[in-house]
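What the sequence shown shows, in our numbering, is residues 10 to 225, in sequence order.
Notes to accompany the following structure.
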Amino acid sequence: MSLFEYTLLAGSSLFVIVDPVATVPAFIAMTPHDTPEQRIKTARLACFVMAGVLLSFAAAGRVIFKLMGITMPAFQIAASIVLLLVALDMLRAQRSRVQETHEETEAGAEKADIAVTPLAIPMLAGPGAISTAILLQNQAKTAAQHAAVYVCILGVSFASYLILKVSARGAKWLNPIAMNVAIRIMGLLLAAVAIQFGLNAFKTLRTDLLANPPGM
Numbered sequence: 010m011s012l013f014e015y016t017l018l019a020g021s022s023l024f025v026i027v028d029p030v031a032t033v034p035a036f037i038a039m040t041p042h043d044t045p046e047q048r049i050k051t052a053r054l055a056c057f058v059m060a061g062v063l064l065s066f067a068a069a070g071r072v073i074f075k076l077m078g079i080t081m082p083a084f085q086i087a088a089s090i091v092l093l094l095v096a097l098d099m100l101r102a103q104r105s106r107v108q109e110t111h112e113e114t115e116a117g118a119e120k121a122d123i124a125v126t127p128l129a130i131p132m133l134a135g136p137g138a139i140s141t142a143i144l145l146q147n148q149a150k151t152a153a154q155h156a157a158v159y160v161c162i163l164g165v166s167f168a169s170y171l172i173l174k175v176s177a178r179g180a181k182w183l184n185p186i187a188m189n190v191a192i193r194i195m196g197l198l199l200a201a202v203a204i205q206f207g208l209n210a211f212k213t214l215r216t217d218l219l220a221n222p223p224g225m
């Protein structure tokens, strides 16, 4: 896979799973009394936190797995299931409970500061996004591809900030029909990514079994 292809895969996968467009309604609902400037400040902090969380897990994922005794194929299979659950909800034009629950949204509406939680975690940098960042870093084969993951995380974080910033004045531009169509398309793409992660895990397991047959 070329650097361009890998960067395109990493950027699109991260953007789809973070899904900042679908976060906009909850963001507006949780800040009903905030001024546009206060909403922009909240969005900026949330996206900084999201970037920090994803960068940290992408950099330290392998170390964490080693300490906990988790193999990469096991994590790939678990992550593919999480991503597939999110994708199935997106295909139904629903916000997945894997990303945030109704209770978390209601609790966020009652909080004075929602930037770190629940907006940054788990709405933007949820289990799916963290899993994707770790898997993409593990699939990187060259130094350039490793760097591309970090660049894509920063790029998606900045894009998320721009989307939330534009929505800070009430998101009147948000057409429900167009949004549902976009969410379904992204859900289909995410489902394909989830299946591919699972196939990669089984391919790795098959290679390991052939190299080290049981009983030998």
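We put the beta carbon where it would ideally sit given N, CA and C, even for glycine.
Inter-residue Cα distance where the pair is residue 169 and residue 211
One C-alpha to the other measures close to 33 angstroms.
Do residue 149 and residue 158 have their C-beta atoms within less than 7 angstroms of each other?
A contact, by the Cβ cut-off of 7 angstroms.
Residue 132 burial status per 10 Å Cβ neighbour count (16 or more: buried)
With 16 or more other CB atoms across the displayed protein chains lying within 10 angstroms of its CB, residue 132 is buried.
Inter-residue spacing [alpha-carbon to alpha-carbon] between residue 197 and residue 96:
For the pair residue 197 and residue 96, the Cα-to-Cα distance works out to about 7 angstroms.
Does the beta-carbon of residue 11 have 16 or more other beta-carbons within 10 angstroms, so that it is buried, or is it exposed?
It is exposed - the Cβ of residue 11 has fewer than 16 other Cβ atoms within 10 Å.
Distance, residue 34 Cα to residue 84 Cα
C-alpha separation (whole angstroms): 31 angstroms.
So the candidates are 202, 207 and 43; which of them puts its Cα closest to the Cα of residue 177?
Put simply, of 202, 207 and 43 the residue whose alpha carbon is nearest the alpha carbon of residue 177 is 43.
Using the Cα positions of residue 27 and residue 215, report the straight-line distance between them to the nearest angstrom.
Approximately 31 angstroms, taken between the alpha carbons.
Could you tell me whether the Cβ atoms of residue 137 and residue 91 are closer together than 7 angstroms?
Yes, Cβ-Cβ distance for residue 137 and residue 91 is below 7 angstroms.
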